[in-house]
Every structure is written in structure tokens, then in C-alpha cells.
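What follows is a set of notes on a single structure, which appears directly below.
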Amino acid sequence: MVNDFKYLIELQDIDMKILDLEKSKEEYPHTVENLQKAIASAETALANIKKSAEDIQKEMHTIEEQKINSGLSLTKSQERLNTIKTNKEYDAVHSEIETHKIFMLQAEKRIQKLTADAQTVAGRLAEAQAACDKIVAENNPKIDELNAKIATIDSSIAEVSAGRDAIVQNIKKEYYRAYNQIRLGRKKGKVICVVYESDRKCAVCFQMLEPQSVNRLRRGLELVKCQNCGSVLIWESTLRDAVSASPAPEVHQG
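The sequence shown: position 214 = 221 (this note's numbering), numbered continuously.
Next comes the structure, spelled out in C-alpha cells:
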């Protein structure tokens, strides 16, 4: 029976490693996607601020041109005052002059406001650029590392799985069927758990074991399952014997 447990422990170790790799195969692409989204979000925020800065500069340029043109028109209107012959024409030219002056005053105020806005946006732009650079610098190496791992997961699974069939051949068929049935029904994949004299509980469901189950476990002559969750149980002394009979396999605890 000790040898059966030895091989079951080795089998669980292999299956847990395969399960971890398969989970990584699902999780790594999502992690890469989230890292890429973080970069894209930072770049979008930076692009939006850059556009705001460009829009401000474009509006300032347009208003500056309009102000210059209005100034030229003002000069022409003022020059026309010397050639005016009627009061009606005089009033019209004065109205033009006032219109140009008001526009130039409003344009100057708008330019001042845009200048202040430009300074504010420049500060935001510097912050967004620094934040974007930081995210790119942090995330790109992680993305490269994860992509490299993704590319080798299948070969890693194949490598870990290589010795599984050989181990299965050394396990009694009824024990393997019991083990495999439980394993396939569990997301975490853990089948075997150790029971200690100190608590006499199943390490999976934490249910206190019945005295009869404890006595059967102590003898170590048969496969005993938890009466609550169905996990395969192994007594601590049986575990020590099984471990000493194998090259230090890993026993996964919950």
C-alpha cells in the first residue's frame, strides 16, 4: 500500500503542475491584454491632452490673424475719416472703428485666456507623458516575459506529462479510477490530503473524521476517502513512509 501511495503522490504532483500550467495558459493572455489596455489607456489620455494643446495653439493662431486683420481694417477706417463728406458716412466709419476696437479688445482678452490655458495644459501634458512613459516602461517587459512563457507552455505541459503514463501503470486500476474521478470533478485538482494525529481532520473540507476512518487510515492497508468530500486520505506516518520510498515528491496541501 505504501508504494500505491508513493505513486499516487507522484501522480498528483504531476497533475497539479499540469493544472498550474493549463491555468497559466488561460490567465497569461488575459494579463497581457490588461497590461496592453493600460498602455493604450495612458497613450489615449496623452493623445487627448496633446490634441487640447494643439487646439489651443490653433485657436490662438486664428485669433492673432483676425486681430492683425482687424488692426489693418481699423487703420484704413481711421484714414477714411479725412475723406468723409457726409455725416451719414462719418457715422458709418465711426461705427466701423468702434467695431474693430471692440473686436481687438475681445481678441486680446481671449488670447490671454488661451495663454493661461496653454500653460495649464502644458503641465498636464508633462504629467501625462511621464505617466505614460512609466506605464510603458513597466508593462512592456512584463508583456514580453508573459508572451515568452505563453509560447513555451505547451512544450512545458508535454515535458511534465511525459512520465505520467509510466506512473499510472504502477497504480492499481481501482485506485487510479478513484483518484482520477475525484480529480476531474475538482477545479483545483487536489485529490490526496494528509490527516494528522493532532487534529484528525480532512485538509480539504476540514471535516473531523469518524473514528472508524481514523483506524483504517492508521493501518494503511486500503484506500480511504473522506466521508464528507470524498478526498483520498493518507495518514501522516504513511506519508512519511511513502515519501521515503520515492525521490522527494511534492505533496500539495490546500
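Beta carbons are placed, not taken as given, at the ideal position from N, Cα and C, and that holds for glycine.
Just so we're clear, the structure is a prediction, and the values are computed from it rather than from any experiment.
In the DSSP assignment, what residue or residues form a beta bridge with M215? K208
Given that a residue counts as buried once 16 or more other Cβ atoms are within 10 Å of its Cβ, and exposed if not, what is L18? buried
Looking at the structure shown, is I91 part of a helix, part of a strand, or coil, going by DSSP? coil
Please give me, in chain order, every unbroken run of the alpha helix (DSSP H) with length at least 4 that falls completely inside the region 85 to 171. 94 to 168
Going by beta-carbon coordinates alone, are E239 and I199 separated by less than 8 Å? According to the sequence shown, residue 239 is Val rather than Glu. Taking 8 Å as the Cβ cut-off, V239 and I199 qualify as a contacting pair.
Where E96 and R117 are concerned, what is the direct C-alpha to C-alpha distance, given to the nearest angstrom? 31 Å
The alpha helix (DSSP H) enclosing I189, as first and last residue numbers: 180 to 191
Along the alpha helix (DSSP H) that carries V250, what are the first and last residues, could you check? 243 to 251
Please report the straight-line C-alpha distance between I75 and H68, rounded to a whole angstrom. 11 Å
Among Y186, L191, D248, S244, nearest to C262 - alpha-carbon criterion: Outside the shown range of the chain, which is 8 to 261, sits residue 262, and nothing can be said about it.
Should G196 be labelled buried (16 or more other beta-carbon atoms within 10 Å of its own) or exposed? buried
By alpha-carbon positions, which one of E33, E103, F110 ends up nearest to I70? F110
Kindly indicate if chain B contains any beta-carbon less than 8 Å away from that of S168. Going by chain labels, chain B is absent from the structure shown, which holds only one protein chain.
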